[in-house]
Structures are given as C-alpha cells and as structure tokens.
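The opening residue of the sequence shown carries number 143 in the numbering used here; numbering runs sequentially from there. Have a look at the structure below, then the notes.
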Amino acid sequence: MSVQRIFIFTIIALSLLTSYGCAAGTVAEHQGKKSKGKSVQGWFDPLALGDDDIIINGLPMPSFNSEREDTGAIDHEAMTEGYRVQIYTTQTLYEADSILVRADSLFLGEAYLRFDPPNYKIRVGNLISRSEAEQLQRYARTAGFPRSWVLRTNVFLHPRKKEVEPLESEEESEQ
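Structure, rendered in structure tokens:
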C-alpha cells in the first residue's frame with residue numbers, strides 16, 4: 143500500500159469513529175434520563191386568552207388634527223419630471239457644504255445637495271423645459287461653475303423661493 147492510501151484510509155476511519163462516538167453518546171444520554179414529573183401535552187391557542195382589551199389609564203389618547211402642518215417631509219405629489227443643472231461634484235462634505243451655501247445665494251434658494259456614494263452633488267433649479275435649464279446652465283458657467291450640465295430629474299412644482307431684499311441704493315432711488 144502506498145503512503146497516500148494509508149493516509150486517506152486513516153482520515154476516513156477517524157472521521158467515522160468521531161461521528162459514531164458523538165451519535166452514540168447522545169442516544170445514551172437521552173435513554174439514561176427519566177422524567178420525574180407528569181408530562182402534559184395539549185394544544186394552546188394564544189388568541190383565546192382575550193387580553194387585547196387592556197386599557198392603560200393616564201396616557202392621553204392620540205388625536206387627529208385635520209389641519210396640515212409642515213413636517214419637513216417631501217410631498218411627492220408636488221413633484222414632476224423636469225430639469226436641474228448639476229454645478230459641482232466632490233467627495234468631501236465640507237467642500238460640498240461651502241459650494242451649497244454659495245449656490246444658494248446665487249440661485250435664490252434653489253440649490254440642493256445630493257449624496258450618491260462616494261460623491262456629493264450640488265444641483266440647482268426646478269425647471270420644466272429643457273430650454274430654461276440650458277439658460278440656467280449658461281448662467282452657472284458664467285457664475286464660476288464651468289463644468290455644469292443639465293440633467294433630467296424630479297423637480298418641485300412650486301418651490302419655496304427666498305425673497306430678495308432690495309439693496310439700500312435701490313430703496314433710495316425709489317424715494
């Protein structure tokens with residue numbers, strides 16, 4: 143017999159002995175134990191307990207207010223297919239946040255930060271037509287964002303716009 147066959151035979155024999163030894167010990171263990179108490183077997187239905195009517199006193203009952211309040215959630219019904227201009231992409235949150243602040247002032251509050259790992263994307267606008275988006279893209283390029291481009295995405299129908307306060311010189315000229 144070769145050494146390789148002896149080695150394989152030994153491995154198989156040891157694995158059989160080990161598995162037989164474990165199985166035999168388990169059976170002997172269960173056979174040696176005897177139950178000292180009575181064994182009760184039966185079917186139990188937890189729904190038959192009837193404990194669903196527990197009332198905890200002292201807690202206020204929740205009420206439904208029919209008036210709408212601003213929860214900060216996005217109303218998906220107020221969104222539609224449209225266009226935005228992506229003006230910047232970066233992998234650092236600090237840089238994205240500083241560009242977002244700048245874009246927010248340049249584009250009258252229509253700047254949005256989107257995170258698609260590993261990139262932070264700053265997008266501006268809520269435009270319905272492609273021509274409006276291309277016009278905004280040209281403005282973005284002149285405002286210092288040369289790599290801006292138009293993309294089709296969901297936009298708000300009625301975005302919240304910041305009111306632009308008139309400069310002091312404009313107020314004086316009106317008087």
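Note that beta-carbon positions come from the ideal geometry of N, C-alpha and C, so glycine has one too.
According to the neighbour-count rule (16 or more other Cβ atoms, all chains shown, within 10 Å of its Cβ), is residue i buried or exposed?
i: tyrosine 225; result: buried
i: isoleucine 241; result: buried
i: leucine 159; result: exposed
i: tyrosine 236; result: exposed
i: isoleucine 148; result: exposed
i: isoleucine 150; result: exposed
Just to confirm, are residue i and residue j a CB contact at a threshold of 8 Å?
i: serine 290; j: valine 227; result: yes
i: glutamine 233; j: tyrosine 262; result: yes
i: alanine 238; j: phenylalanine 298; result: no
i: glutamate 276; j: valine 292; result: yes
i: glutamate 223; j: arginine 294; result: yes
Leaving out five residues before and five after residue i in sequence, what residues of the same chain have Cβ atoms less than 7 Å from its Cβ?
i: aspartate 246; result: Ala253
Compare the C-beta of residue i with all C-beta atoms of chain D and state if any pair is closer than 8 Å.
i: histidine 300; result: Looking for chain D here will not work: only one protein chain is present.
Below 8 Å CB to CB, which residues in the same chain sit around residue i once its five sequence neighbours on both sides are set aside?
i: valine 182; result: none
Just list the residues that DSSP pairs residue i with in beta bridges.
i: valine 227; result: Val266 and Val292
Subject >> Complete beta strand (DSSP E) runs within the segment 229–304 (minimum length 3 residues, chain order) >> reply: Taking 3 residues as the shortest admissible run, the segment 229–304 contains the following complete beta strand (DSSP E) segments, listed from N- to C-terminal end: 253–258, 261–269 and 291–298.
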